[in-house]
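S.K.: In numbering that gives the first Met the number 0, the protein residues as written are 0 to 303.
By construction, the Cβ of each residue, glycine as well, lies at the ideal position given by its N, Cα and C atoms.
None of these values were measured; they are calculated from a predicted model.
Would you mind keeping the following structure in view while I ask a few things?
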Amino acid sequence: MTIHFRLSLKAPNEGQDNFFLWSMVILPIIAECSYVVDATYYIYHDAPIHRYQGLVSTILVVFTYLRYCAPIESRKMLMCFYTTLCLLNETGTICYMYMYNYHGERYYVAIYFGWLLVELCTTLGLLYYRAYRRCQPNFHVESKHLFHFISRLEVILAIFIPFFVQNMSVTLTKHSIAFFLLFDFFSESYVRFQGFWIKSTLYLFVCTVTVCVATEWMYSSEHSGVFEYLSSSFELISAVLCNTLIIFQFSPYHFKPTGISKIAREGLVFHRLNEAESQSNLNFEPIPTNGKSEDTVIDLVALN
Numbered sequence: 000m001t002i003h004f005r006l007s008l009k010a011p012n013e014g015q016d017n018f019f020l021w022s023m024v025i026l027p028i029i030a031e032c033s034y035v036v037d038a039t040y041y042i043y044h045d046a047p048i049h050r051y052q053g054l055v056s057t058i059l060v061v062f063t064y065l066r067y068c069a070p071i072e073s074r075k076m077l078m079c080f081y082t083t084l085c086l087l088n089e090t091g092t093i094c095y096m097y098m099y100n101y102h103g104e105r106y107y108v109a110i111y112f113g114w115l116l117v118e119l120c121t122t123l124g125l126l127y128y129r130a131y132r133r134c135q136p137n138f139h140v141e142s143k144h145l146f147h148f149i150s151r152l153e154v155i156l157a158i159f160i161p162f163f164v165q166n167m168s169v170t171l172t173k174h175s176i177a178f179f180l181l182f183d184f185f186s187e188s189y190v191r192f193q194g195f196w197i198k199s200t201l202y203l204f205v206c207t208v209t210v211c212v213a214t215e216w217m218y219s220s221e222h223s224g225v226f227e228y229l230s231s232s233f234e235l236i237s238a239v240l241c242n243t244l245i246i247f248q249f250s251p252y253h254f255k256p257t258g259i260s261k262i263a264r265e266g267l268v269f270h271r272l273n274e275a276e277s278q279s280n281l282n283f284e285p286i287p288t289n290g291k292s293e294d295t296v297i298d299l300v301a302l303n
């Protein structure tokens, strides 16, 4: 069966070519496959020192959150796409749960059970809005955003890779880098947000990501279990908020229509131009002559 692609009616056509459309389908699948590979690696290679394990899935995990804009026209193919990604993700999560249960770390079993529920709820939301209701996303992803993610990843990984090299403990798939890139991307659409819930969700998302990154670096420096627990907990909370934002975007109540926003901006510019013109007319208001000649008025002004 052929996959039919289509561009969003609200998105600019020049920002999405065929290569970009295919990449938005292939990259999430590659990211989920790398997550499964990294998760199963821990089961069969229980080494005391873990260097680059989890690095590949950490780099690619940002593309799993961009699956909401997969340009698949067929409803059945879209359902198969989201279901396949969900099964891959749940497989990797179950592998992590098995590993932590084997080592007797119940806290992380509960954390990854939370990840399992988050993935399931997000997939159900995407199936409902994208496949059933045929809603189009309001967070538009274009080619420039894809290259922006890659360029920012290069800078962040230059700082983050030494953490994988020097860390003597288990290094797993980290979502904090993806969250850092995503809240920068989501904030571009803030001017179109309306309502308390989506705005407060974005602010909470930014705060939890900041705390997650801070505690992660504290753990890498102090090697304290408290910071490790805090980092894992706030990473899960950040995932809940991130996926909530992704689901919120499909509701028309959380976004201002593009046409109304454009009219409002043009009206504001027109209003400011009128105010500036009125102010300039007041500054250059002619002086009343009261029947006197202009030369006499000029002389009187000079004397005053």
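Once you ignore the five residues that flank E118 on each side, which residues in its own chain have a CB closer than 8 Å to its CB?
M.R.: C85, N88, E89, T92
S.K.: Buried or exposed: N137, going by 16 or more other Cβ atoms within 10 Å of its Cβ?
M.R.: Flag for N137 reads buried.
S.K.: Closer than 7 Å by C-beta to S188: which residues in its own chain qualify, once you throw out the five before and the five after it? Chain order, please.
M.R.: N137, F138
S.K.: Taking the beta carbon of W21 as the centre, do at least 16 other beta carbons fall within 10 Å, making it buried, or is it exposed?
M.R.: exposed
S.K.: Quick one: residues in its chain with C-beta nearer than 8 Å to the C-beta of L181, no 5 flanking neighbours on either side, listed in chain order?
M.R.: The answer, listed in chain order, is V61, Y64, C241.
S.K.: Taking the beta carbon of G53 as the centre, do at least 16 other beta carbons fall within 10 Å, making it buried, or is it exposed?
M.R.: buried
S.K.: Three or more beta-carbon pairs under 8 Å between the stretch 34 to 45 and the stretch 65 to 83, yes or no?
M.R.: At 8 Å Cβ cutoff, the stretches do not touch.
S.K.: In angstroms with no decimal places, state the Cα-to-Cα distance between Y67 and I245.
M.R.: 7 Å
S.K.: Is it true that the stretch 194 to 202 meets the stretch 171 to 181, where meeting means three or more beta-carbon pairs spaced less than 8 Å apart?
M.R.: no
S.K.: Under 7 Å Cβ to Cβ from L126, same chain only, skipping five residues before and after it: list those, please.
M.R.: M78, Y81
S.K.: Would you check if the stretch 224 to 234 and the stretch 92 to 104 touch, i.e. whether three or more CB-CB distances between them fall below 8 Å?
M.R.: These segments do not touch.
S.K.: When the Cα atoms are used, what is the spatial distance from Y131 to M217?
M.R.: 44 Å
S.K.: Secondary structure at F254, three-state DSSP: helix, strand or coil?
M.R.: strand
S.K.: Please work out which residues of its chain come closer than 6 Å, Cβ to Cβ, to S237, disregarding the five sequence neighbours upstream and downstream, and give them in chain order.
M.R.: Once the five neighbours on either side are set aside, the close Cβ partners of S237 are F178, T207, V208, C211.
S.K.: Assuming the contact rule is C-beta atoms closer than 8 Å, L201 and S186 should be a hit. Round their C-beta distance to whole Å, please.
M.R.: 7 Å
S.K.: If you check the beta carbons only, do I58 and L152 fall under 9 Å apart?
M.R.: yes
S.K.: Would DSSP call F146 helix, strand or coil?
M.R.: helix
S.K.: If you run the structure through DSSP and keep just helix, strand and coil, what is F192?
M.R.: strand
S.K.: For I29, which residues of its own chain have a beta-carbon under 8 Å away from its beta-carbon, when the five flanking residues on both sides are left out?
M.R.: The beta carbon of I29 sits closer than 8 Å to the beta carbons of L59, F62 from its chain, once the five residues preceding and following it are set aside; these are given in chain order.
S.K.: Using 9 Å as the threshold, is the C-beta distance between L203 and W114 below it?
M.R.: no
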